[in-house]
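Note sheet for the following structure.
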Amino acid sequence: MGYKIGSEIVTDGLVFCVDALDTTSYSSGSTNWNDLVNSNIGTANNAPTFNSNGYIGFDSGGDEFNFTTNPLHSNSVTKFTVSTWFNCTLSDMNNSLGIFITTAPGADPSGGGFWIGYDDRNATHSPVEGIAWNCKTAAGFQRGKSNNNVISNNTWHNVTLVLDSQVTLYVDGVSSTNRTQDASGNYTTRDNEFTIGATDTSGFEYKGLLSNVIVYNKALAVDEVLQNFNAHKSRFGL
């Protein structure tokens, strides 16, 4: 399976994995991206472009995959981890937000859900050439961002969001956040939706490449985040 390329990634708590390098997950010409863990099927909208080197291109024209089931759609979820590998041309995302993964309708998690994506809006909750996230927990509406300038041009990066008693963001296996908020209490889900590449309404489209997405129903420890990064970094020339 794609998520076992190189050293194995952490599999305890793994509830979702799609990988464009694994032909069981995605085959050239298909309009479906298949979850390797629970047979969850994502259907392409518009025309994400597959590359045989193991990634999918999104051109911000509404390219996205909508999955039949949200792997975190449970009222008892108190912890989770979501992670992806991405690569973008920074000028294509200048002064904009491009969402990698979301469970929040219209990118508004105030009623439940979360999103994470590349952000260059340079605002209160938005970095310069970094990563931003939003989510809803029983403690309230949470949001944060990475440090500025952690994303390099046309380079593969791994980003991991971990929700436990607080939300921690990792870029390339290293904690990178200048805003940490309380996340005590259950994560608040909303509807049974899970979208890769944009919001479910094709807003805040990401323009760039994504290779794989993994989700856990637990909070990965620091060493587990690093294990996953090290398992795949050689694949991306790091």
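Here the working numbering is used: the first residue of the sequence shown is 13, the next is one more, and so on. Note that the Cβ used here is the ideal one computed from N, Cα and C, for glycine as well.
Annotated three-state conformation of Ser40 is coil, per DSSP.
Under the three-state reduction of DSSP output, His85 falls in the coil class, being neither helix nor strand. When beta bridges are read from the DSSP output, Gln154 appears opposite Cys147. Check the Cα spacing between Leu26 and each of Val227, Leu48 and Glu236: the tightest is with Val227. Residues of the same chain with a CB within less than 6 Å of the CB of Ser42, apart from the 5 flanking positions on each side, do not exist.
In the DSSP assignment, Ala116 falls outside any alpha helix (DSSP H) and carries neither an H nor an E.
From the listed residues Asn52, Ala56, Arg247 and Tyr182, the smallest Cα separation to Ala233 is found for Tyr182. Under a 10 Å Cβ-count criterion, Ala144 is classified as buried, with 16 or more other Cβ atoms of the shown protein chains found around its own Cβ. With respect to Asp131, Lys157 sits close: the two C-beta atoms are nearer than 8 Å. Check the Cα spacing between Val22 and each of Leu238, Phe248, Leu250 and Arg247: the tightest is with Leu238. If the five residues before and after Val162 are omitted, its C-beta is found closer than 6 Å to the C-beta atoms of Gly142, Val183 and Ser188, all from its own chain and listed in chain order.
C-alpha of Leu48 to C-alpha of Ser138: approximately 33 Å in a straight line. In the DSSP annotation of this structure, the continuous segment of the alpha helix (DSSP H) that includes Leu238 starts and ends at Val234 to His244.
Partner residues in the beta bridge of Ala135, as assigned by DSSP, are Ser138. Take Ser95, set aside five residues on each side of it, and the residues of its chain with a beta-carbon closer than 6 Å to its own are Thr172 and Ile226, in chain order.
In the DSSP annotation of this structure, Tyr218 is not part of any beta strand (DSSP E), being labelled neither H nor E.
For the 8 Å CB-CB criterion, Phe77 and Ala59 do not form a contact.
Secondary structure note for Glu20: it is in no beta strand (DSSP E), with a DSSP letter that is neither H nor E.
Judged by their CB atoms, Asn50 and Phe79 are not nearer to each other than the 8 Å cut-off. Val89 is the residue among Phe70, Val89 and Gly110 whose C-alpha sits nearest the C-alpha of Ser177. Put simply, of Tyr67, His169 and Thr149 the residue whose alpha carbon is nearest the alpha carbon of Gly129 is His169.
Non-local C-beta neighbours of Asn63 in its own chain, meaning closer than 7 Å and more than five positions away in sequence, comprise Gly69, ordered along the chain. Spatial neighbours of Ser37 in its own chain (CB-CB distance under 7 Å, excluding positions within 5 residues in sequence) are listed in chain order as Gly14, Val30, Asp31, Trp45, Asn46 and Leu48.
The C-alpha of Phe241 lies about 30 Å from the C-alpha of Gly152.
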